[in-house]
Structure formats: C-alpha cells, structure tokens
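> Letter by letter, the sequence shown follows residues 1 to 120 in the working numbering. Pasting a structure below so you can have a look.
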Amino acid sequence: MKMNLKMKQSTYRILGALLFIYFANSVQAKYAQPDLEITPVDRLVKNLEAQVKAKPKDVRLRFNLARVHGMAFASKAVDTFIWSGREDQGVWFDYEPKHIPFRLLKTDDADKAKAAKAHL
1 MKMNLKMKQS
11 TYRILGALLF
21 IYFANSVQAK
31 YAQPDLEITP
41 VDRLVKNLEA
51 QVKAKPKDVR
61 LRFNLARVHG
71 MAFASKAVDT
81 FIWSGREDQG
91 VWFDYEPKHI
101 PFRLLKTDDA
111 DKAKAAKAHL
C-alpha cells in the first residue's frame with residue numbers, strides 16, 4: 001500500500017512538472033500598442049526646454065531634450081512621433097530602441113540643412 005501511494009505521488013509530480021513546462025513555454029508577452037501622435041519637432045523642443053527650465057536638475061528631461069536635438073539634426077525631420085500623454089519622454093523611438101535610434105541623413109535642401117544645424 002505504501003508503494004502504491006509513493007508511485008501515485010511521483011506520477012503526479014512528473015505530470016505536474018510536464019504541465020508546468022508545457023504552459024511555461026507557451027506564454028508570450030506582447031507590448032501594448034502605444035497611442036502615438038505626430039508632433040512638430042520645434043514644438044516638442046520648446047515644451048521640453050520649458051520643462052527643463054522649470055526643473056533644471058531633472059536629468060531625464062535634459063536627456064530627452066538632447067535626444068530630440070540629436071534626432072532632429074541627424075534625420076533632418078520636421079515632425080516626429082511622441083507617445084500621447086507622455087510628452088516629457090520626448091521622441092518615441094520604440095519599446096527597445098537601438099543605442100543610437102536614428103541615422104545621419106544628407107540633404108541637398110538648404111532650408112532643411114539650416115534648420116537641422118540649429119539643433120547643434
């Protein structure tokens with residue numbers, strides 16, 4: 001009788017472990033779809049500069065302002081995506097952005113080049 005009970009317990013343990021492994025492998029997480037809106041870079045810069053002026057010791061705001069300037073210079077962009085309601089986070093680069101999430105683009109348009117140079 002004792003042997004029968006031990007066999008049942010070990011069978012249940014093995015079955016439980018197999019079920020755990022099966023369900024653990026099938027669980028996948030996905031990011032929520034962000035509510036993005038297109039915003040002019042100049043307006044975003046102005047808003048972030050005002051926030052930095054109000055909180056000069058907030059490093060996160062300074063970092064996000066620097067990223068906006070870097071992106072605007074490199075990509076020569078006039079508009080950019082931001083996460084609606086999270087304007088203080090600056091430009092939306094994705095959930096897992098690359099170390100440098102933008103590339104340096106060349107332009108023959110003198111106006112774009114002048115506007116981009118203003119971000120340096």
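Yeah, the Cβ is synthetic: ideal placement off N, Cα and C, and Gly gets one too.
Inspect the beta-carbon positions of Leu120 and Gly90 and report whether they are closer than 8 Å.
Not in contact: Leu120 and Gly90 (Cβ atoms no closer than 8 Å).
> According to DSSP, is Thr107 helix, strand or coil?
Note: Thr107 maps to coil in three-state DSSP.
> Between the beta-carbon of Val68 and the beta-carbon of Leu36, is there less than 8 Å?
Against a cut-off of 8 Å, the Cβ pair of Leu36 and Val68 comes out as no contact.
> Check this for me: beta carbons of Thr39 and Thr80, under 8 Å apart or not?
Against a cut-off of 8 Å, the Cβ pair of Thr80 and Thr39 comes out as a contact.
> Give the range of the beta strand (DSSP E) segment to which Phe81 is assigned.
Looking at the DSSP string, the run of the beta strand (DSSP E) that includes Phe81 is 79-83.
> DSSP on Glu96, reduced to helix/strand/coil?
It is coil, neither helix nor strand.
> Looking only at DSSP bridge pairs, what is Pro34 linked to?
According to DSSP, which records beta bridges pairwise, Pro34 is partnered with nothing at all.
> Measuring straight from C-alpha to C-alpha, what distance separates Tyr12 and Gln28?
Cα-Cα distance, rounded: 26 Å.
> Tell me, please, whether the region 15-24 touches the region 44-62 by the rule of three or more beta-carbon pairs shorter than 8 Å.
Too few Cβ pairs lie closer than 8 Å, so no.
> Closest to Val78 by CA distance: which of Ala54, Asp111, Pro56 is it?
Considering only alpha carbons, the answer is Asp111.
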